[in-house]
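One structure is given here, and the rest of the page talks about it.
Protein chains: 2
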Amino acid sequence: MWRTHNCGELRLDDKGKSVTISGWIQKIRDKGGLIWIDLRDRYGITQIILEEGETDPGLIDLARSLGREFVIQVQGEVVERVSKNPKNPTGDIEIKAESINILNRSKVPPFTIEDETDGGEELRMKYRYLDLRRGTVRKKLELRHKVMQKTREYLSSIEFMEVETPVLIKSTPEGARDFIVPSRMNPGEFYALPQSPQTFKQLLMVSGFDRYFQIVKCFRDEDLRADRQPEFTQIDCEMSFVSRDDVLSTFEGLTKFLFREVNKVDLEDFPVMSYQDVMAKYGTDKPDLRFGMPITDLSGIAKNHDFNVFNSAESILAICVERAADYTRKQIDQLTDWVKRPQVGARGLVYVKYNEDGSLKSSVDKFYDQEDLKKWFAQAEGKPGDLLLILAGDDKSTRFAAGELRLHMGNTLKLMNPDEFKPLWVVDFPLLEWDEETQRYYAMHHPFTSPKEEDLEQIEKNPGNVSANAYDLVINGVEIGGGSIRIHDRSIQEKMFKALGFTEEEAKEQFGFLLNAFEYGAPPHGGIAFGFDRLCSLMGGSTSIRDYIAFPKNNSGRDLMIDTPSEISPEQLEELSIKLISKTKES
Amino acid sequence: MWRTHNCGELRLDDKGKSVTISGWIQKIRDKGGLIWIDLRDRYGITQIILEEGETDPGLIDLARSLGREFVIQVQGEVVERVSKNPKNPTGDIEIKAESINILNRSKVPPFTIEDETDGGEELRMKYRYLDLRRGTVRKKLELRHKVMQKTREYLSSIEFMEVETPVLIKSTPEGARDFIVPSRMNPGEFYALPQSPQTFKQLLMVSGFDRYFQIVKCFRDEDLRADRQPEFTQIDCEMSFVSRDDVLSTFEGLTKFLFREVNKVDLEDFPVMSYQDVMAKYGTDKPDLRFGMPITDLSGIAKNHDFNVFNSAESILAICVERAADYTRKQIDQLTDWVKRPQVGARGLVYVKYNEDGSLKSSVDKFYDQEDLKKWFAQAEGKPGDLLLILAGDDKSTRFAAGELRLHMGNTLKLMNPDEFKPLWVVDFPLLEWDEETQRYYAMHHPFTSPKEEDLEQIEKNPGNVSANAYDLVINGVEIGGGSIRIHDRSIQEKMFKALGFTEEEAKEQFGFLLNAFEYGAPPHGGIAFGFDRLCSLMGGSTSIRDYIAFPKNNSGRDLMIDTPSEISPEQLEELSIKLISKTKES
């Protein structure tokens with residue numbers, strides 16, 4: 008028996024008991040006559056005490072030989088502490104050691120195992136098993152565990168069935184790049200790892216499973232950004248005989264349940280906005296609603312005043328920053344530099360200050376009089392004391408820049424309360440996006456998304472104008488999930504593939520099984536997928552998903568701890584009927 | 008709104024309600040004046056009625072145009088049935104159709120969507136989405152869903168944390184063959200798919216996670232047998248500060264909980280037997296304990312009687328078949344043929360009948376008198392009316408054959424009650440197995456299994472004699488799970504790698520991260536993994552795991568529905584820096 012109790016459970020009620028506990032040494036304090044050891048495990052920290060004169064001298068010598076992160080087993084009596092520690096649940100007691108057994112020694116860890124550590128990210132990733140010992144890191148994975156269990160509890164309670172879909176599937180060139188897996192038994196052929204179980208969950212609806220979910224690993228071979236991982240986890244769901252609002256209310260229910268159970272927060276009903284409206288108002292399809300500062304379109308009233316920048320602009324967009332009329336010249340210059348950064352891409356910034364005395368001061372006073380400027384403030388619902396920041400240019404990039412500027416001002420002015428959660432459903436996305444480079448349309452969600460019924464006729468003549476029956480869940484500016492009502496009719500699916508530039512043969516070759524399935528009684532259906540890593544990081548109050556993954560990969564897709572990807576043996580390659588392309592050998 | 012109710016919930020209490028239901032047409036009966044439609048969904052079957060004279064004639068025409076597996080939406084009034092069907096929960100009512108909306112048509116399915124279908128396996132796999140519509144198949148996946156949820160509920164309730172370990176890991180040549188994944192971003196390097204999360208779960212113990220679990224996909228590139236799949240699911244667990252009996256009692260608890268919740272069966276406490284004992288008694292390490300018929304060793308009493316077959320045999324092993332003394336010559340001959348099959352491999356079969364009158368008759372009467380034969384029966388605890396079947400030869404293959412013969416007799420005599428569950432812990436496996444072909448030892452479980460403490464010293468001098476602190480859970484002759492107490496000491500782990508023929512460099516190259524981790528305070532730990540597909544099939548009363556997998560692959564690792572593995576484009580290969588080995592081009 009390695010322990011009678013863990014390191015987090017002993018209380019004053021246990022006084023006098025003879026106990027055995029095991030754990031890691033967090034800290035040793037040696038005050039000459041007294042030695043204290045803080046012993047740690049996942050459940051807490053318990054103090055051990057050894058006292059010269061009382062404790063066996065051999066045991067005191069042993070204790071002095073111990074080091075940080077040694078694993079020891081201690082047997083002793085629970086005694087009441089003289090000076091209690093109210094911050095620690097076990098702080099009323101300590102254990103008077105009677106024997107200590109060293110279960111394993113430890114080298115000095117390469118960084119401190121404390122909530123605030125001195126280890127850099129690369130070092131912590133290499134020794135991830137030590138990083139995971141830190142309470143802050145473990146708590147993130149405990150939150151993840153809880154969100155997983157609560158998700159399953161909720162969905163199971165409303166008749167969703169968890170079904171595992173295959174990991175070794177078929178490569179399809181549409182969408183992101185697949186990871187592929189050579190088949191030894193079928194030389195020259197390959198599996199692919201799923202980017203999502205999309206077609207399988209649709210087939211489960213054709214099978215009449217009615218409500219499906221899965222918390223599932225998905226894979227994308229993309230060039231990684233800070234918040235992307237080659238393997239990531241989704242809460243993947245699909246429902247039959249549902250309209251958009253059925254899906255929205257079901258997953259609004261799930262989201263509220265999770266926040267209530269995990270964050271102890273009651274979310275209000277989620278607003279619903281169209282893609283067009285959020286783009287107009289916030290310049291992004293994932294707006295952070297924890298603050299206002301919407302974009303105002305001044306194009307209708309700010310032209311024709313000899314100011315060529317505005318006259319030649321497709322759009323003139325403003326945000327009104329409350330109580331910022333006292334911004335200095337230097338602050339305005341900094342903002343101007345900020346919007347000109349290539350990531351934002353504006354060509355300049357016009358400002359108008361609405362002074363407290365009612366006068367207005369702008370960088371375009373040459374072209375506009377006080378009445379003109381007042382009209383702008385009226386349009387933006389601004390008032391004395393506010394600052395109007397204006398960008399102009401072509402609509403798409405100006406709107407993007409205005410959205411970025413809004414976020415920047417929200418950040419600067421600390422308008423985003425980290426303890427507040429503001430969800431939003433964004434609906435009615437465009438079905439297709441035109442890609443200039445390849446001169447073709449791409450599906451904005453994926454090729455299985457249903458056009459809105461009223462736009463169905465336009466899919467052949469005017470595909471760019473068709474709206475999708477698609478929706479995203481956005482919380483605090485983070486896209487948490489997305490989904491759509493799907494096509495369940497073979498002929499519409501074929502039209503969709505055609506709009507995407509598939510030949511009939513290509514459509515059949517890649518998705519023939521789905522097209523066939525649609526001919527055997529496919530029900531109307533729709534679904535959604537939540538980015539699970541992102542949801543956890545949002546609920547945990549972090550911006551990095553990597554913190555919420557036990558063994559993440561770095562930006563080159565490398566696991567620094569196990570040092571992979573790595574070379575494999577020539578025999579393995581031979582068995583798989585592949586060989587490496589060596590650029591030098593070929594040239 | 009596609010439906011107000013599903014097809015399984017309307018009752019007599021709902022009489023008079025106007026409802027809308029949607030589903031698949033299971034059956035249409037047209038009796039001239041009356042048409043009944045059985046409408047099916049996951050939740051049940053509801054009867055629709057249309058009556059000439061009462062129902063709108065257009066609607067009747069429409070109903071006559073419908074076919075099997077069409078998806079329709081029906082609006083109508085719930086009425087009481089004249090002739091009720093007590094076998095169907097909705098059998099007291101039917102719906103008087105007022106409108107029918109065809110949601111999707113269906114071609115005639117390639118096989119009948121009934122519990123007993125006329126479709127062969129290949130056809131059903133190709134149209135798996137239709138096969139899954141059958142109630143018997145869906146129920147298997149419903150059972151799987153329930154076992155998953157209950158497993159998580161139980162393990163979470165006793166502080167196990169579910170942690171997702173990575174799928175893209177490192178290839179290690181030890182054990183079965185890995186599936187590998189070329190890395191585009193690291194040309195010439197590869198990931199591997201995990202055969203199990205073994206090293207990761209051990210690292211989580213080093214991290215102090217204390218109790219880990221995961222229901223996780225694992226991958227093995229093996230030549231497939233009927234009950235093997237290239238991807239399969241495990242309940243994977245690990246615990247710190249535990250001895251073998253802690254692990255056994257924890258997972259005996261889980262198993263009992265699952266059988267109670269899912270099968271409504273209370274399992275008795277699981278017996279524990281050593282590997283040596285089960286091999287001696289049953290000739291296999293996974294005995295079916297639903298019946299007795301143990302193997303009796305007659306080697307000590309049956310030699311030295313001029314019968315050369317026995318005299319030259321290493322082992323003489325018998326099973327005593329109760330009430331089978333009346334077996335005919337023909338039946339004995341059939342058994343002799345059976346044991347001589349190459350899969351069993353015996354060279355012959357000796358029988359002794361203990362007649363009801365107390366006389367004995369055997370195939371070796373020339374060499375043994377009645378007293379000799381009586382002694383054999385005494386040894387085997389047989390009695391008048393029983394039949395002794397005896398095999399002789401070298402110990403290993405004779406023991407195997409006797410075990411097979413025992414199972415065969417159990418089957419023939421229907422001694423294995425399909426509703427009974429007999430679990431057994433098998434413990435103290437050998438640590439290593441000698442392989443004649445490669446002239447080296449292999450780990451019987453895996454290289455991380457701890458030797459039994461008392462055998463530790465022998466690992467260098469006499470590795471073949473070392474017992475492992477390993478255990479298997481066997482139920483009804485099926486290996487449900489296996490695990491071990493792990494090595495947590497770097498030097499012992501290094502000795503183990505050495506015994507397996509690893510050089511120091513190879514050990515470091517492949518498992519350096521684990522060896523390093525052991526130097527930073529690794530706790531004593533152990534764990535287990537249950538084969539989840541097999542557990543579900545056992546609980547569901549089936550012998551095939553394929554039935555319990557939503558989208559299984561066939562024996563060539565092929566998914567017949569989506570037709571994969573398949574070729575990928577030259578561009579994909581190029582991006583991954585690999586090319587195919589084409590035998591013809593090279594020769």
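Quick mapping for you: the protein sequence lines, in order, are chains A and B. Under our numbering, think of the first position of the first sequence as 8, with each following residue one higher. Under our numbering, think of the first position of the second sequence as 8, with each following residue one higher. Here a beta-carbon is modelled for each residue, glycine too, at the ideal position from N, C-alpha and C. No experiment lies behind these values; they were computed from the predicted model shown.
Chain-ordered neighbours of residue i on chain B, where CB pairs are closer than 7 angstroms
i, result
"residue 137 of chain A", "527"
"residue 116 of chain A", "527"
"residue 198 of chain A", "571 and 572"
"residue 140 of chain A", "214 and 215"
"residue 575 of chain A", "178, 187 and 197"
Chain A contact residues for residue i, given Cβ-Cβ distances below 8 angstroms
i, result
"residue 1 of chain B", "An answer regarding residue 1 of chain B cannot be provided, because it is not within the stretch 8 to 594 covered by chain B."
"residue 191 of chain B", "184 and 228"
"residue 419 of chain B", "Going along chain A, no residue has its Cβ under 8 angstroms from residue 419 of chain B, so there is no contact; the nearest lies around 36 angstroms."
9 angstroms Cβ cut-off: residues of chain B touching residue i
i, result
"residue 406 of chain A", "Those within 9 angstroms of residue 406 of chain A in chain B number zero; the least Cβ separation is about 34 angstroms."
"residue 586 of chain A", "585, 586, 587 and 588"
"residue 249 of chain A", "9"
"residue 463 of chain A", "Per Cβ cutoff of 9 angstroms: no residues; residue 463 of chain A is ~16 angstroms from chain B at best."
Whether residue i touches residue j by CB criterion (9 angstroms)
i, j, result
"residue 420 of chain B", "residue 331 of chain B", "yes"
"residue 131 of chain B", "residue 138 of chain B", "yes"
"residue 58 of chain A", "residue 42 of chain A", "yes"
"residue 153 of chain B", "residue 268 of chain B", "yes"
"residue 366 of chain A", "residue 377 of chain A", "yes"
"residue 76 of chain A", "residue 44 of chain A", "no"
"residue 237 of chain B", "residue 201 of chain B", "no"
"residue 409 of chain A", "residue 290 of chain A", "yes"
"residue 405 of chain A", "residue 324 of chain A", "yes"
Interface residues of chain B facing residue i [CB-CB closer than 8 angstroms]
i, result
"residue 414 of chain A", "Those do not exist, as residue 414 of chain A stays about 30 angstroms from chain B at its closest Cβ, beyond 8 angstroms."
"residue 442 of chain A", "None at all; the shortest Cβ gap to chain B is about 17 angstroms."
"residue 254 of chain A", "Chain B residues near residue 254 of chain A: none, gap ~12 angstroms exceeds 8 angstroms."
Proximal residues of chain A, C-beta to C-beta of residue i below 9 angstroms
i, result
"residue 495 of chain B", "78, 110 and 111"
"residue 146 of chain B", "Residues of chain A passing the Cβ test: none, with the nearest at roughly 11 angstroms."
"residue 235 of chain B", "Correct list: empty, because the minimum Cβ distance to chain A is about 12 angstroms."
Identity of the residue in the options nearest residue i by Cα
i, options, result
"residue 282 of chain B", "B:437, B:159 and B:164", "B:437"
"residue 596 of chain B", "B:455, B:50 and B:470", "Residue 596 of chain B lies beyond the residue range present for chain B, which begins at 8 and ends at 594; the question has no answer from this structure."
"residue 557 of chain A", "B:580, B:212, B:69 and B:46", "B:212"
"residue 64 of chain A", "A:39, A:51 and A:87", "A:39"
"residue 496 of chain B", "B:527, B:472, B:514 and B:98", "B:527"
"residue 215 of chain B", "B:583, B:550, B:529 and B:562", "B:529"
"residue 115 of chain B", "B:54, B:134 and B:534", "B:134"
"residue 370 of chain A", "A:224, A:343, A:364 and A:353", "A:343"
"residue 298 of chain B", "B:104, B:424 and B:566", "B:424"
"residue 26 of chain B", "B:33, B:32, B:362 and B:13", "B:13"
"residue 16 of chain A", "A:418, A:433 and A:52", "A:52"
Amino acids of chain A, ordered along the chain, whose beta-carbon sits closer than 7 angstroms to that of residue i
i, result
"residue 524 of chain B", "136"
"residue 300 of chain B", "Correct list: empty, because the minimum Cβ distance to chain A is about 38 angstroms."
"residue 48 of chain B", "215 and 217"
"residue 458 of chain B", "The contacting residues do not exist; residue 458 of chain B stays about 17 angstroms from chain A at best."
Which complete beta strand (DSSP E) runs does the segment 147–211 of chain A hold, if anything under 3 residues is left out? 187–189 and 197–199
Where in the segment 301–340 of chain A do unbroken runs of the alpha helix (DSSP H), each at least 4 residues long, occur, reported from the N-terminal end onward? 315–318
Which residue spans inside the segment 255–304 of chain A form an unbroken beta strand (DSSP E) run of at least 3? 279–281 and 302–304
As an exercise, report each continuous beta strand (DSSP E) stretch of at least 3 residues that is fully enclosed by the segment 427–511 of chain A, in chain order. 430–434, 439–442, 447–450, 477–482 and 485–492
Would you check if there are 3 or more beta carbon pairs closer than 8 angstroms linking the segment 525–542 of chain B to the segment 486–493 of chain B? yes
Give, in chain order, every unbroken run of the beta strand (DSSP E) that is at least 3 residues long and sits entirely within the segment 84–142 of chain B. Fully enclosed beta strand (DSSP E) runs of 3 or longer: 100–111.
Within 8 angstroms, do at least three Cβ pairs link the segment 295–303 of chain B to the segment 492–503 of chain B? No: the two stretches stay apart, fewer than three of their Cβ pairs being nearer than 8 angstroms.
Which complete beta strand (DSSP E) runs does the segment 376–413 of chain B hold, if anything under 3 residues is left out? 394–400
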